[in-house]
Structures are given as structure tokens and as C-alpha cells.
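Numbering (the working numbering), first residue to last: 562 to 937.
Take a look at the structure:
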């Protein structure tokens with residue numbers, strides 16, 4: 562599919578000059594013509610297409626104000642059009658056919674995040690001058706080492722998993738580094754200078770070749786580390802591994818991390834068992850419904866007599882339902898004690914003693930001593 566301004570106008574629902582975000586994801590695009598009419602465009606997503614060459618992207622050459630560009634999952638071997646995009650902050654060229662990092666990347670001086678995963682890159686280059694870069698993702702490549710890049714002092718995340726690294730890269734130039742992922746490599750030890758990464762909170766060294774306690778001893782100096790993965794290393798098979806790791810990392814490691822992880826695993830198992838139980842219950846319900854329908858069909862085939870009996874039963878049930886509805890809708894009679902009671906009268910019937918006592922209740926009592934009868 563070839564994207565031209567006319568085709569683009571049929572895809573979007575507003576004038577091209579008003580577009581700030583444009584997603585052309587999974588459109589089977591092979592070529593992109595000049596779309597410089599999108600003068601206010603900032604975010605462009607071209608992932609999941611069939612773009613093969615640099616010429617196929619000539620249409621975005623004049624988008625100098627572009628901030629976000631996603632070219633993930635295409636077939637690019639190189640890309641030069643980004644050298645005119647000096648304001649670019651995020652560039653994603655993962656899942657392509659890049660053997661080297663394009664030179665044009667070095668001219669994106671405002672770049673904050675560079676994602677180059679799932680390519681065939683063998684060497685890190687053309688990124689050493691990106692002083693504002695804070696995220697570098699080069700996982701799933703063919704890297705054997707990562708050179709020292711002293712100008713990248715703003716780096717906070719490095720992901721170089723699934724490569725062929727044999728040593729941990731020099732981290733002395735990255736004082737702000739918080740996340741380092743080096744899992745699935747060929748690392749045999751952790752260097753002493755890792756203690757200079759005082760801000761490191763996430764460290765993934767899983768599935769490497771760390772064999773003994775000496776190889777992981779420098780990790781005890783990481784005071785703020787709260788997420789450590791060593792799974793898949795021979796050191797994990799040593800006796801007392803869990804207790805020793807917790808003791809070694811007691812200064813900064815969250816001791817409850819493994820407990821929370823185990824709790825999540827137990828919850829996941831519980832959810833799985835619950836879903837299996839619900840599935841079995843649904844199957845049982847379906848079988849029960851089928852059995853009932855079959856039994857009803859068999860009863861209906863017995864003859865007119867059985868049909869008449871079913872009809873009588875249905876009529877009886879219907880009358881019972883009507884009686885219940887009538888009972889619920891019928892208003893209740895007043896209770897006997899709700900009726901007005903007759904006035905109690907005493908004596909001559911004009912005014913009862915009870916009323917008289919009630920009327921004289923508020924009078925003050927007479928404390929005069931009554932005269933006693935004189936005994937003769």
C-alpha cells in the first residue's frame with residue numbers, strides 16, 4: 562500500500578494540517594509519499610508494515626518537528642531520514658534488519674529513548690554523543706560487549722538481555738542508572754565498580770554463568786537495590802542460597818520481595834485451579850441440559866396420555882402461580898388491636914374514675930394531717 566496525501570485524507574477524519582498524532586499501524590504500507598502537509602504532526606506510528614528501504618520513508622523527511630517515531634516490526638536495513646529530526650525524543654526501530662546502528666541517530670541530539678531490540682547489531686556505535694539519552698534498549702541482538710560511553714550521564718535504564726556479553730559493561734559513567742537488565746548472556750562475574758551505581762534499584766542477571774559467592778559478592782554494596790534476579794545461574798543451586806542472599810543484601814534488599822513473589826505464584830495457581838473448576842462445572846451443566854432435553858423429547862413421544870398429564874400438571878402449576886400472585890397483591894386486613902377501643906366508664910357512666918384520676922394527677926398533694934377517730 563502506498564500512502565499519498567489523497568489516501569491519507571481518506572484515512573483520517575480531520576484536515577492534515579491539524580493532525581498532531583497519526584497512527585498507520587498494520588496498514589501493509591510499502592511506501593510513504595510526501596506528507597509535509599501535516600505541519601503540526603508530533604507523533605507518528607508506522608509499526609507493523611512492509612517498509613524495506615530508506616527511500617520508502619522519503620515522505621517524512623520534512624517532518625522536522627516530529628517528537629515520537631515508531632518503526633517497529635518493518636524490514637529496514639538502514640534509516641537516514643531521521644537526521645533532519647533534531648527534536649526527536651523517542652525512536653523505536655526494533656524488529657527490523659539492522660546490522661549496525663545508523664549514523665543518522667547521532668544527529669538526533671534531543672533523543673531520550675532509543676529502542677533497537679530484535680535486530681542483528683554486533684556493536685554499539687553512533688550513540689555516544691546523545692547526552693540527553695536516558696533509556697537504551699539493545700536486547701535480542703548479537704552484542705559481545707558494550708563500550709564505555711562517558712557522555713551518557715543521564716542514562717537511567719540499560720537493557721542488553723539476550724546477547725553474547727561475557728562481562729558486565731563499565732558503569733562508572735552512569736551515576737543515575739536505576740535499571741540494568743543483562744539476563745540471558747554469558748556473564749561469569751559482577752565487577753567491583755558496580756558499587757558506584759548507588760541509584761540502582763532493578764538488576765536482572767538471570768540465566769548467566771555466575772557459579773559461586775565470589776561472583777556475586779559485589780552486589781552487597783548496592784544499598785537501594787530492591788529487585789534482584791539471579792534465577793538460572795549455578796549459584797542458585799548452592800546450599801543455603803536464599804538465606805545467604807538475604808543476609809548479604811540485608812542493608813538495602815527488600816526481604817519481603819521473595820515472600821511477595823511466592824504469594825503471587827500461589828495466587829496464580831489458585832486462579833488457574835478456579836478456572837479449571839469453572840470449566841468443568843460449565844461442561845457438567847451443558848451435559849445436564851442435554852440430558853434433560855433428551856428426556857423431555859422421549860416423554861413427548863410416549864403418546865397423547867402422557868401429553869395430557871403434562872398439560873394437567875402445567876395447568877395446576879399455572880393456577881398455583883396465579884394464587885401466589887393474588888395473595889401477594891391482596892392488602893392485609895387491619896389487626897384487631899388497631900381498631901378503636903371503646904372508652905372505659907365507671908360509676909354513673911358520665912365520667913370514669915380513671916379519667917378523673919388522670920385529670921387530677923398534676924395537683925399538689927395535701928400534707929395536712931388527717932383527724933384520727935377517737936377511741937372510746
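We put the beta carbon where it would ideally sit given N, CA and C, even for glycine.
In this structure, residue 702 sits near residue 680, with a CB-CB distance shorter than 8 Å.
Bounds of the beta strand (DSSP E) holding residue 674 are 674–676.
As far as DSSP is concerned, residue 735 takes part in no beta bridge. Inter-segment contact for the stretch 620–627 and the stretch 584–602 is present: three or more beta-carbon pairs are separated by less than 8 Å. Excluding sequence positions up to five before and after residue 663, its CB lies within less than 6 Å of the CB of 639, 640, all in the same chain and listed in chain order.
Positions of the beta strand (DSSP E) runs, each at least 3 residues long and wholly inside the stretch 670–705, are given as 674–676, 696–698 in order along the chain. Partner residues in the beta bridge of residue 582, as assigned by DSSP, are 604. Annotation: the continuous beta strand (DSSP E) that includes residue 719 extends over 718–720. By the neighbour-count definition (other C-beta atoms within 10 Å, threshold 16), residue 799 is an exposed residue.
In the three-state reduction of the DSSP assignment, residue 564 falls in the strand class. By the criterion of a C-beta distance shorter than 7 Å, residue 562 is surrounded in its chain by 588, 589, 590, 591, once the five residues flanking it on both sides are discounted. In its chain, beyond the 5 residues on either side, 593, 594, 595, 596 have a beta carbon closer than 6 Å to the beta carbon of residue 620. The C-beta distance from residue 716 to residue 748 rounds to 19 Å, too long to fall under 8 Å, and the pair is not in contact. Around the beta carbon of residue 846, a 10 Å sphere encloses fewer than 16 other beta carbons of the protein chains shown; the residue is thus reported as exposed. For residue 765, the three-state secondary structure derived from DSSP is strand.
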